[in-house]
Amino acid sequence: MRDLRSRLERIGERVRVAPDAFERLERTRRRHERNRRITAGVVALSVAVAGSLIAFSAFRGGDGVRTVGSGGSNEAPVDVAQLTCDASGSITPSNSLVAAQPNGVHVAISNTGDTPVSFSIEGLGGDGAEPGEHKETVWQIPPGPATVSCGMITDGGTGVASSATLEVVDPNGLYVPADLECASGEAYGSGGDYADGATGFAGDPVQVARDHVSGLEFDDLIERAGYPDSRLPVIRVVRDGAIVGKVTLRDDGSGGWLDDSVEGCSGTRFGWSVEPTGVSGPMGQPMNAWDALCATVRAGDGNSVHNGADLRVDGRDADLDTSCLIAPAGRPLTILFGNLDDGVPRSISIYR
Amino acid sequence: MGHALFSGELITGVGEIVYELGRFEPGEYYFQDDVHPAANGVLVVE
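Chains E and X, in that order, are what the protein sequence lines are. In the numbering used here, each residue carries its 1-based index in the first sequence increased by 23. Oh and the second sequence: position 17 is 4 in the numbering used here, straight run, nothing missing.
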């Protein structure tokens, strides 16, 4: 009997409603409701972001007609991006979309503060603006997002900096990529170093590059890249479908072009040559046109320096001392290669 | 240009180097100074 009473009392304890039970139940219900709303908000935001990305992808990959989906922006790209750096060091773009122009992307910076500001575009460089100054500059920003930053210049250096994102659009397809596509992932580069007054080579920049870049092969595709009217013309070298070289030229001030930089993938040997190099190879002339070059060599016996199993070739300036070598088949061949120029690199390769 | 059958080691400055090419089949081949591609010619193996 006592056991039965104990059991009934325990059951009574379980079913007894606590004084604050309703409040706890209400708090739980509200927490669940809040969580449901947060989840719904996150999902909605994700859908909106995904929708914007899809719309943006369609815009970038299409023919330049901007597709704006639900939740997207109707902002039209401007020809000149207007950026304001204020007294607090904040940067404010008046428009987030800017359209590329034939010579690059135009960016105007206004310094509304009372201290000089530095202005930079990630990966490309920067500029400065004095208090109250408004200036427009042109940058070689590829299509896509670009981070622009602004910072106050103080005696202690650059102060508070802030950044914003510009989206460069290229509705007319002006930009031609020039980033190297090296299979090895490794590249090299060099920059031209000239004294004031140095004179370059007149003519079309692509032809100048074709004439003065060494290491080109005759089936390389050499063409203008970047923006078509950029102040520093960019020429890319495409070999077997990949960009393996990039040359940037600069104006010498009198209509000629100097090399500003030469870049190449490892395994290539691009450089700048004052002497015209041309593009290697027969350039349309039939192979048998070289028969004439060999007439003199052929007249010699099989033991001359250019005729025989053990050949000799000397290099001086941009020339070799022969354009013809004759050698016997089936025998091991050697070339004794002499470099007659101090400090000049050279090598010989054989192709078929 | 086709493919390289032999790529000579780069030599910088006054000096000499011996390239061992191996054996070649009869035919016409193209050689060049890779640093100065305008310096080029034909290798006739016969």
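Backbone N, C-alpha and C define an ideal beta-carbon position, used for all residues, glycine too.
For residue j and residue i, the rounded distance between their alpha carbons
i, j, result
"Asp333 of chain E", "Gly9 of chain X", "11 Å"
"Gly155 of chain E", "Glu(-4) of chain X", "59 Å"
"Val101 of chain E", "Ala123 of chain E", "9 Å"
"Thr(-1) of chain X", "Trp162 of chain E", "38 Å"
"Arg321 of chain E", "Val5 of chain X", "23 Å"
"Gly287 of chain E", "Thr271 of chain E", "12 Å"
"Glu12 of chain X", "Thr357 of chain E", "15 Å"
"Thr319 of chain E", "Val32 of chain X", "16 Å"
"Thr222 of chain E", "Phe18 of chain X", "32 Å"
"Thr345 of chain E", "Cys205 of chain E", "34 Å"
"Ile371 of chain E", "Gly278 of chain E", "35 Å"
Chain-ordered neighbours of residue i on chain X, where CB pairs are closer than 7 Å
i, result
"Asn362 of chain E", "Ile(-2), Gly0, Val1, Gly2"
"Ala352 of chain E", "Phe11, Glu12, Pro13, Val32, Glu33"
"Ser289 of chain E", "Here the premise fails: no neighbours, minimum Cβ distance about 13 Å."
"Ser296 of chain E", "His23"
"Cys205 of chain E", "Within 7 Å Cβ-Cβ: nothing; Cys205 of chain E doesn't reach chain X, min ~18 Å."
For residue i, the three-state DSSP class (helix, strand or coil)
i, result
"Arg262 of chain E", "strand"
"Cys317 of chain E", "helix"
"Asp227 of chain E", "coil"
"Arg233 of chain E", "helix"
"Ala218 of chain E", "coil"
"Ala322 of chain E", "helix"
"Tyr198 of chain E", "coil"
Contact list for residue i against chain X, beta-carbon separation under 8 Å
i, result
"Ala122 of chain E", "Residues of chain X passing the Cβ test: none, with the nearest at roughly 40 Å."
"Thr345 of chain E", "Gly28"
"Gly366 of chain E", "Thr(-1), Gly0"
Candidates the options: closest to residue i by CA position
i, options, result
"Trp280 of chain E", "E:Arg259, E:Glu240, E:Pro251, E:Gly226", "E:Gly226"
"Gly2 of chain X", "E:Ser346, E:Ala169, E:Val336", "E:Val336"
"Glu15 of chain X", "X:Glu7, X:Ala25, X:Val5, X:Val29", "X:Val29"
"Gly146 of chain E", "E:Val130, E:Ile132, E:Ile164, E:Ala131", "E:Ile164"
"Asp381 of chain E", "E:Leu106, E:Lys269, E:Thr291", "Past the boundaries of the shown model lies residue 381 of chain E; chain E is included only from 24 to 375, so the question cannot be answered."
"Gly208 of chain E", "E:Ser289, E:Leu356, E:Leu255", "E:Ser289"
"Ala210 of chain E", "E:Val285, E:Asn326, E:Ile358", "E:Val285"
"Thr138 of chain E", "E:Ser119, E:Cys108, E:Thr160, E:Pro125", "E:Cys108"
"Ala(-9) of chain X", "E:Asp274, E:Pro256, E:Glu240", "E:Glu240"
"Asn126 of chain E", "E:Pro200, E:Gly249, E:Ile266", "E:Gly249"
"Val103 of chain E", "E:Ala110, E:Ser119, E:Gly112, E:Ser113", "E:Ser119"
"His235 of chain E", "E:Val191, E:Gly294, E:Pro194, E:Leu359", "E:Gly294"
Strand pairing of residue i, partner residues [DSSP]
i, result
"Asn330 of chain E", "E:Ser327, E:Ile349"
"Thr8 of chain E", "The question about residue 8 of chain E has no answer, for chain E in this structure spans 24 to 375."
"His157 of chain E", "E:Ser133"
"Glu289 of chain E", "One detail in the question is off: residue 289 of chain E reads as Ser in this sequence, not Glu. Paired residue(s): E:Thr291."
Residue i: contacting residues in chain X (beta-carbon distance under 9 Å)
i, result
"Leu359 of chain E", "Glu3, Ile4, Val5, Tyr6"
"Asp342 of chain E", "Asp20, His23, Ala25, Ala26"
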